[in-house]
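To get the working numbering, take the position in the sequence shown, counting from 1, and add 21.
Where is the CB? At the ideal position from N, CA and C, for every residue including glycine.
All values derive from a computational prediction rather than experimental measurement.
Accompanying notes for the structure given below.
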Amino acid sequence: MSKDEPETTDSAGAPEARAGRRPTIYDIAQRVGLNPSTVSRALNKPGRTNAATEEKIRAAAAELGYRANPMARALPTGFSGTYAIVLPDITNPVHFELIRGAEQVARANGFTLIISETEGSAEIERETIETLQPSVDGLLVVASRLDDAELAALATVKPIVGANHSTPSLPSVAPDLPMGLVAALDHLDDLGHRSVAYLGLGGAQINRSRWDLTLDLADARGIAVVEIAVDAPTVEGGADALRRVRASGVTAVLAYNDLVAHGLLRAARSAGLSLPEAFSVIGFDDIFSAELAVPALTTLRSPLREIGTRAMETLIDPEHNRAPSKVVLPLELIVRESTAAPTR
């Protein structure tokens with residue numbers, strides 16, 4: 022605009038943001054007749070300003086098409102308004118609802134959530150967290166492949182909250198493993214199964230507590246249990262385990278997750294086996310395809326969206342995102358067609 026060009030105003034007489042230029046808090050301040058510091062506080066720290074004033078400021082921001090600049094906001098405050106969610110496998114349906122729960126919390130509070138995948142590798146997970154830390158305010162780490170000491174060391178840089186697994190030194194939100202595995206083992210016990218295979222994730226840290234608990238619960242019920250490691254928590258990993266499941270002679274299988282269970286069901290069907298007559302199968306998570314499997318999969322239903330919601334609420338709370346805590350949410354056994362009394 023030249024010095025001789027008249028300044029445009031809106032219907033209320035307030036200067037309009039110039040065409041081709043991104044609106045700023047100063048434009049909003051002119052629109053509502055308040056100090057820029059008040060506008061900044063209302064937009065970046067909800068609840069610190071009178072509710073009516075905050076509503077007026079947000080309405081003006083929307084009218085002007087204002088969008089917060091995370092990098093600019095980070096300069097005076099040290100905070101970017103951006104968080105990250107780090108997960109092992111973006112293609113695993115188990116993460117869909119968890120991500121949705123976290124995203125809804127982030128969006129409702131005016132924050133940005135970015136997603137990064139680690140391919141189930143502890144090394145990639147560590148590198149990913151270290152790469153993201155300078156540009157985010159905190160991280161949700163889902164089903165981590167790192168141990169507690171490694172995560173605690175990383176969390177000294179930026180807050181980390183564990184989601185869908187527990188880690189003693191940090192805040193975490195996880196399903197109630199004892200509750201779920203007790204229900205699963207009781208179900209198999211009631212059906213008359215005396216031998217069970219656990220299809221687990223090899224030496225992965227996240228797998229150990231599940232296997233140890235399964236071993237104790239099976240022993241207490243007089244059920245023989247064997248651990249069979251899968252190379253990856255995928256359909257292919259489950260399919261590859263069929264030969265070892267058959268060789269073990271068990272009458273039932275507990276799978277690390279529903280994808281592993283799906284792979285086992287598919288491979289058994291391809292081999293001409295009828296399930297659950299040959300052996301029963303129980304999955305974990307109750308992803309959307311569990312009830313569509315053949316036979317429909319008995320599984321432990323995990324409250325995935327609530328895990329994402331509760332974990333994100335903890336992460337954005339500076340009073341709680343560094344103190345060790347553990348939120349445990351219920352697992353529910355969903356009985357379908359893949360479990361029955363043993364035939365031998």
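| said: Quick check: what's the CA-CA separation for residue 197 versus residue 306? | reply: Whole-angstrom Cα-Cα distance: 12 Å.
| said: Using C-beta distances below 6 Å, list every residue in its chain close to residue 46, excluding the 5 sequence neighbours before and after it, in chain order. | reply: Non-local C-beta neighbours of residue 46 in its own chain, meaning closer than 6 Å and more than five positions away in sequence, comprise 57, 60 and 61, ordered along the chain.
| At which residue ranges does the region 220–265 contain complete beta strand (DSSP E) runs of 3 or more residues, listed in the order of the chain? | Segments of the beta strand (DSSP E) lying fully in the region 220–265: 245–250.
| query | Smallest Cα separation from residue 193: which of 216, 211 and 165? | reply | Closest option to residue 193, Cα to Cα, is 165.
| task | Can you give me the start and stop residues for the beta strand (DSSP E) that residue 305 sits inside? | result | Looking at the DSSP string, the run of the beta strand (DSSP E) that includes residue 305 is 301–306.
| request: For residue 148, count neighbouring Cβ atoms within 10 angstroms of its own Cβ and tell me buried if that reaches 16, exposed if not. | output: Around the beta carbon of residue 148, fewer than 16 other beta carbons sit within 10 angstroms, so the residue counts as exposed.
| request: Determine the direct distance from the alpha carbon of residue 351 to that of residue 323, and round the result to whole angstroms. | output: Near 7 Å, if we compare the C-alpha coordinates of residue 351 and residue 323.
| If you compare alpha carbons, which of 108, 223 and 131 is closest to residue 101? | Nearest C-alpha to residue 101: 131.
| request: Check residue 190 in the structure and name its three-state DSSP category. | output: Annotated three-state conformation of residue 190 is coil, per DSSP.
| Where do the N-terminal and C-terminal ends of the alpha helix (DSSP H) with residue 74 fall, by residue? | Unbroken alpha helix (DSSP H) run through residue 74: 72–85.
| message | Give me, in chain order, the residues of the same chain whose beta-carbon lies closer than 8 Å to that of residue 328; leave out the 5 immediate sequence neighbours on both sides. | response | The answer, listed in chain order, is 119, 122, 184, 185, 194, 195, 196 and 350.
| query | Terminal residues of the continuous alpha helix (DSSP H) containing residue 129? | reply | Looking at the DSSP string, the run of the alpha helix (DSSP H) that includes residue 129 is 115–129.
| Which value, in whole angstroms, describes the spacing of the CA atoms of residue 227 and residue 331? | Roughly 20 Å between the two C-alpha positions.
| C-alpha distance - residue 281 paired with residue 315, whole-angstrom precision | The straight-line gap from Cα to Cα measures roughly 14 Å.
| message | Restricting to Cα atoms, I'd like to know which of 229, 190, 243 and 68 is closest to residue 210. | response | Checked all of 229, 190, 243 and 68; the closest Cα to residue 210 is 243.
| said: My assumption, with CB atoms under 8 Å, is that residue 109 sits in contact with residue 310. Please give the rounded CB distance. | reply: So it is not a contact: roughly 19 Å between Cβ atoms.
| request: Report yes or no: is there a C-beta of chain C within less than 7 Å of the C-beta of residue 262? | output: In the structure shown, chain C does not exist; there is a single protein chain.
| request: List the whole-angstrom C-beta distance separating residue 362 from residue 213, where the pair is believed to meet the contact cut-off of C-beta under 8 Å. | output: That pair is a contact at about 5 Å.
| task | Grab the span of the beta strand (DSSP E) containing residue 183 for me, first residue to last. | result | Annotation for residue 183: the continuous beta strand (DSSP E) segment containing it runs 181–184.
| DSSP three-state assignment for residue 343, whether helix, strand or coil | The answer is coil: DSSP assigns residue 343 none of H, G, I, E or B.
| According to DSSP, what are the bridge partners of residue 311? | Answer by DSSP bridge pairing: none, since residue 311 is not bridged.
| Near residue 292, what residues of its chain come up, given a Cβ to Cβ distance below 8 Å and the 5 sequence neighbours on each side ignored? | Cβ neighbours of residue 292 beyond the five flanking positions: 263.
| task | Throw me the rounded Cβ distance for the residue 156 and residue 103 pair, which I believe falls under 8 Å. | result | Indeed they touch by this definition, with Cβ atoms about 7 Å apart.
| query | In chain order, what residues of the same chain lie with their CB nearer than 6 Å to the CB of residue 142, ignoring the 5 residues before and after it? | reply | Within the same chain, residue 142 has no close Cβ partners at all.
| message | Less than 7 Å between the C-beta atoms of residue 276 and residue 304, yes or no? | response | Yes, the pair counts as a contact, with Cβ atoms nearer than the cut-off.
| Buried or exposed: residue 96, going by 16 or more other Cβ atoms within 10 Å of its Cβ? | Low local confidence applies: a pLDDT of 47 at residue 96 is under 50, so the model's placement there is unreliable, and no value is given.
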